[in-house]
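A quick write-up on the structure given underneath.
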Amino acid sequence: MNAVLKFFLGLLAVALLGVAAMTVEGTPGSADAAREKLLEKAQEALDAEKAGWAAVRLDGQKAVLTGEAPSEEARASLIAAVANAGGPGGLLSGGVTAVDASGLIVLPPLPHADPFIFIAEREGGVLSFSGAVPDQTTRDAIYRLATDLFPEAEISGALEIAAGAPASPERWLEAAAASLRALSHLRKGVAEASDGVFALTGEAQDEALAAAARSLMQDFPAGLEGDAEITIRRPPSTIEDIISQAEEEAVATESASPAVEQQTEAAADEEAEAGDETQTTAAEDDCADRIGDILSARRIGFNSARADIDNRSREQLREIAALLADCPGVRLAITGHTDSSGNASRNRQLSGYRADAVRAFLISVGAPANRISARGVGSSEPIASNATPAGREQNRRIEMEVIGEN
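Last residue of the sequence shown: 636 in our numbering, with the numbers rising by one and none dropped.
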């Protein structure tokens, strides 16, 4: 009798364990339902950590994390949050019992942009971007908005992700979006941000469009500023009519001049043009020499692995900006270079940020924005061997080329 009783008690215990194994929070259900509930809890942990950069799946009661964390701190915080998902763990409570984070890597730190530059330029059916944005989400939003606002335009250029934004990504995006909407009202123009100041310059077809653009540049998020400098330019057909009318009036009232006088005037005009061209070329050469002298005295310097210009270099750039103001017939092309240390993509980004930083500083101290271009080429154009510290030092440089506009 005792043996039979023990047998039935054993069967009862096994049955109870089976029921318990199929129960989640007191409600009978399947193993699939338990896994779905646990996955939901793990996903809630990701949402609470604002970890859009990560994904989670389950292997039994083990959570498997993958993704690219922005920092070691963010990675550790997410692992801890997921480990506590769904309760303390165990068969009855349905909690996470282990976390596999081998697929959750930490991204290298972003380059620091100082100043934080953003540029959108509209001209001739092309919308070109350069500079930096705070994160991938912001960059995607900018490109989507540009496609909506400028459906007929060719969109070119690249926006790099960098640290150093003057506001949260959400507030910065709000300001950048307002600038793009304002730019869409212009025939041509530039929306340019340097740190917390967003400036719009360009031409509108009429006062109504100019007023709409100015209005968009006035109401910016706290800590950010907007400014607009817009001129009115009538459609080309109207201007052509005015010019044509003026020419007709001039012909009607002009007396005929002797042929010899006309030939003399033509010869004089040719000589004047030749003289002007010679003077322009000489002026360009002089500007190039003077800028070269400034740069040869000391190279443009940056803080290590950053895009902020050191104080001594700022004085050099002020001199160059003053020279550009005195040389109206020339353009300045700025190219940033790095050595081959580190990731090639990061080097290209960093060199671009540094070139943009030099351009932004020159503009901030009076140099004309429409005559300065900037680009970064990373380590692709070395002038010395990257095998030695001295060679790498030579390769980390800013080059400036003076180009004649004529």
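A virtual CB, placed ideally from N, CA and C, is assigned to each residue, including glycine.
Given the structure is predicted, the values throughout are model-derived calculations rather than measurements.
In the DSSP annotation of this structure, the continuous segment of the alpha helix (DSSP H) that includes T377 starts and ends at Q366 to L379. Around the beta carbon of I372, 16 or more other beta carbons lie within 10 angstroms, which makes this residue buried.
Between the alpha carbons of S332 and A423 lies a gap of roughly 40 angstroms. The alpha-carbon of V363 is positioned some 42 angstroms away from that of A263. Counted as a single uninterrupted DSSP element, the beta strand (DSSP E) harbouring I564 occupies residues V560 to H567. Around the CB of I460, 16 or more other CB atoms lie within 10 Å, so the residue is classed as buried. Spatial neighbours of R544 in its own chain (CB-CB distance under 7 angstroms, excluding positions within 5 residues in sequence) are listed in chain order as F591. A buried status is given to P345, since no fewer than 16 other beta-carbon atoms sit within 10 Å of its beta-carbon.
Here DSSP, grouped into helix, strand and coil, assigns E455 to strand.
Counting along the chain, A441 sits inside no beta strand (DSSP E); it lies in the alpha helix (DSSP H) bounded by residues E437 to L446.
In the same chain as Q624, and ignoring 5 residues on each side of it, the C-beta atoms closer than 7 angstroms to its own belong to I613 and A614, in chain order.
With fewer than 16 other beta carbons inside 10 angstroms of its own, E270 counts as exposed. Taking 3 residues as the shortest admissible run, the region 554–627 contains the following complete beta strand (DSSP E) segments, listed from N- to C-terminal end: 560–567 and 602–606.
Under the 8 angstroms Cβ criterion, the region 300–314 does not count as touching the region 546–564, having fewer than three qualifying pairs. Closest by C-alpha distance to E279, out of P300, P399, A395 and N577, is P300.
Around the beta carbon of D569, 16 or more other beta carbons lie within 10 angstroms, which makes this residue buried. Between G606 and R622, the CB-CB gap reaches or exceeds 9 angstroms.
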